[in-house]
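Worksheet: one structure, shown below.
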Amino acid sequence: MSPDNKLLPKRIILVRHGESEGNLDTAAYTTTPDHKIQLTDSGLQQAQEAGARLHSLISSNPSSPEWRVYFYVSPYDRTRSTLREIGRSFSRRRVIGVREECRIREQDFGNFQVKERMRATKKVRERFGRFFYRFPEGESAADVFDRVSSFLESLWRDIDMNRLHINPSHELNFVIVSHGLTSRVFLMKWFKWTVEQFEGLNNPGNSEIRVMELGQGGDYSLAIHHTEEELAAWGLSPEMIADQKWRVNAHKGEWKEDCKWYFGDFFDHLADSDNECETEPIEETEEEEEEGRKVNLLTSSEANNEAELYNGKCC
């Protein structure tokens, strides 16, 4: 790893919360605020298993025994409970710290949810589009995108300013314990996916882990830890998967020039040279020329009147 990459986290890992009471029965949202929804017994077990998988992954490199982990967690009860169970797999010396981060909370669906109304609303969302549809009294995925973008700016400031005081000899890992849609929006923002590509993504399962790992060139990729089959199951298109594979060896700051959603998707045709772009001058018709002469005469007359007024010839 180059010196410039030493303070970058080796991995940025997204974890969805374990199974919640709302996942089991949506009627829970009619009497319990969304942020107070609890994990089920199965969800607690899933979170413990996720912690074991995380520990196994992060500690798997024998050449980097001095690894550390820093957690960001949504303020909802189910994500905090998930983090608590994950923590059972880590010793105190391995955890740098944890920050509750409101900007990675679940999409707001309103307040108490009326079951039949919410079912009808979600049908309307499918017709309108999942990204731009805003729930009454709630948020759209586009709103979540805005606050996740703000969170990412803060995350990068934490890295750039070394606010975590990480020892350069330690391998740093960020773990973000959040929600399904929020995780998808995070990946959309990070990898600059389009709205159309977002619409094709599938929600992660409860306690599912998605790993962005740092390649040798300093870019992050999902294809280092995950297989093509996994990425396809998440809803990534063949072009998106190819981009992830390219990122494995890409240098930080590079663009994949043949990546169509960076360029080609926005134009039907671009000329190969400036000369091909030049348009022929448009010839005026006789009627247009006559109209132009009238306008010029009128303009000249107005100018003469203004000059006479200025010179005191008109009262």
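Start counting the sequence shown at 1; every next residue gets the next number (the UniProt record's numbering). Note that beta-carbon positions come from the ideal geometry of N, C-alpha and C, so glycine has one too. Just so we're clear, the structure is a prediction, and the values are computed from it rather than from any experiment.
On a Cα-Cα basis, can you pick out the residue from ILE104, MET118, GLY138, GLY218 that is closest to LEU155?
By one-based count along the sequence shown, residue 155 stands at place 155. Of the candidates ILE104, MET118, GLY138, GLY218, the one whose C-alpha sits nearest the C-alpha of LEU155 is ILE104.
Quick one: Cα of THR82 to Cα of GLN38, how far?
Here residue 82 refers to the residue found at position 82 when the sequence shown is read from its first residue. Here residue 38 refers to the residue found at position 38 when the sequence shown is read from its first residue. Taking the straight line joining both Cα atoms gives about 10 angstroms.
Determine, using beta-carbon pairs with one atom in the segment 206–221 and one in the segment 45–61, whether at least three such pairs fall under 8 angstroms.
Yes: at least three Cβ pairs fall under 8 angstroms.
Candidates PHE131, LEU8, PHE90: which alpha carbon is nearest LYS189's?
Numbered from its first residue, the sequence shown carries residue 189 at position 189. Distances from the CA of LYS189 to each of PHE131, LEU8, PHE90 were compared; the closest alpha carbon is that of PHE131.
Using a threshold of 9 angstroms, state whether the C-beta atoms of ARG184 and PHE174 are closer than that.
Numbered from its first residue, the sequence shown carries residue 184 at position 184. Numbered from its first residue, the sequence shown carries residue 174 at position 174. The Cβ atoms of ARG184 and PHE174 lie no closer than 9 angstroms to each other.
Can you tell me which of the three DSSP states ILE96 falls into?
Stepping through the sequence shown from its first residue, residue 96 is reached at position 96. Note: ILE96 maps to strand in three-state DSSP.
Span separating the alpha-carbon of PHE109 from that of LYS36
Within the sequence shown, the letter at position 109 stands for residue 109. Within the sequence shown, the letter at position 36 stands for residue 36. C-alpha separation (whole angstroms): 14 angstroms.
Give the secondary structure of SER89 by DSSP, where H, G and I count as helix, E and B as strand, and everything else as coil.
Indexing the sequence shown from 1 puts residue 89 at position 89. In the structure shown, SER89 sits in a helix (DSSP, three-state: H, G or I).
Within the chosen definition, does the segment 68–84 reach the segment 15–33 through at least 3 CB pairs nearer than 8 angstroms?
yes
ILE176 vs ILE58 beta-carbon contact at 9 angstroms:
In the sequence shown, the residue the question calls residue 176 occupies position 176. In the sequence shown, the residue the question calls residue 58 occupies position 58. Not in contact: ILE176 and ILE58 (Cβ atoms no closer than 9 angstroms).
Taking 9 angstroms as the threshold (C-beta atoms), are LEU152 and PHE191 in contact?
On the sequence shown, position 191 is the one that residue 191 refers to. On the sequence shown, position 152 is the one that residue 152 refers to. No, Cβ-Cβ distance for PHE191 and LEU152 is not below 9 angstroms.
Verify whether the separation of the beta carbon atoms of ARG247 and GLY200 is less than 9 angstroms.
Taking the sequence shown and counting its residues from 1, one reaches residue 247 at position 247. Taking the sequence shown and counting its residues from 1, one reaches residue 200 at position 200. Not in contact: ARG247 and GLY200 (Cβ atoms no closer than 9 angstroms).
I believe SER63 touches GLU106 by the beta-carbon criterion, under 8 angstroms. Please report the beta-carbon distance rounded to the nearest angstrom.
As a first step, residue 63 must be located in the sequence shown, where it is residue number 63. As a first step, residue 106 must be located in the sequence shown, where it is residue number 106. With a Cβ gap of about 38 angstroms, SER63 and GLU106 do not count as contacting.
Can you tell me whether residue 320 is buried or exposed? The criterion is at least 16 other CB atoms within 10 Å of its CB, across all chains shown.
Nothing can be reported for residue 320: it is not among the residues displayed for the chain, which extend from 1 to 315.
Under DSSP, the beta strand (DSSP E) around MET118 begins and ends at which residues?
Reading the sequence shown from its first residue, position 118 is the one you call residue 118. Segment 115–128 is the alpha helix (DSSP H) holding MET118; no beta strand (DSSP E) there.
VAL15 bridges to which residues according to DSSP?
The count along the sequence shown starts at 1 and reaches residue 15 at position 15. Bridge partners of VAL15: VAL177, ILE209.
What three-state label does DSSP hand TRP67 in the structure shown?
The residue given as residue 67 occupies position 67 in the sequence shown. Here TRP67 sits in strand by DSSP.
For CYS277, which residues of its own chain have a beta-carbon under 7 angstroms away from its beta-carbon, when the five flanking residues on both sides are left out?
For the purposes of this step, residue 277 is taken as the residue at position 277 of the sequence shown. Excluding sequence neighbours, CYS277 sits near ALA271.
Every unbroken alpha helix (DSSP H) within the segment 181–247, with a cutoff of 4 residues, ordered by chain:
195–199, 228–233, 238–247
Relative to the C-alpha of GLU239, which candidate in HIS251, GLU257, GLY253 has its C-alpha closest?
As a working note, residue 239 is residue 239 in the sequence shown. Comparing Cα positions, the closest option is GLU257.
Tell me whether TYR262 sits in a helix, a strand or coil according to DSSP, three-state version.
Reading the sequence shown from its first residue, position 262 is the one you call residue 262. Of the three classes helix, strand and coil, the one that applies to TYR262 here is helix, per DSSP.
Determine the DSSP secondary structure at LEU7, reduced to helix, strand or coil.
Numbered from its first residue, the sequence shown carries residue 7 at position 7. Correct three-state label for LEU7: coil.
Starting from the Cα of ARG68, find the closest Cα among ASP143, LYS123, ILE166 and give me that residue.
If you number the sequence shown from 1, residue 68 lands on position 68. For the residues ASP143, LYS123, ILE166, the minimum Cα distance to ARG68 belongs to ILE166.
Alpha carbon to alpha carbon, how far is TYR133 from VAL124? Give it in angstroms, no decimals.
Counted from its first residue, the sequence shown places residue 124 at position 124. Counted from its first residue, the sequence shown places residue 133 at position 133. Straight through space, the alpha carbons of TYR133 and VAL124 are spaced by roughly 8 angstroms.
For GLY43, the nearest candidate out of ARG84, THR30, PRO9, GLU228 (CA to CA)
Taking the sequence shown and counting its residues from 1, one reaches residue 43 at position 43. Per the Cα distances, ARG84.
For TRP159, collect the residues of the same chain with a Cβ closer than 6 angstroms to its Cβ; drop the 5 residues on either side in sequence, then sort them by chain order.
Here residue 159 refers to the residue found at position 159 when the sequence shown is read from its first residue. A quick correction: the sequence has Ile, not Trp, at residue 159. Cβ neighbours of ILE159 beyond the five flanking positions: none.
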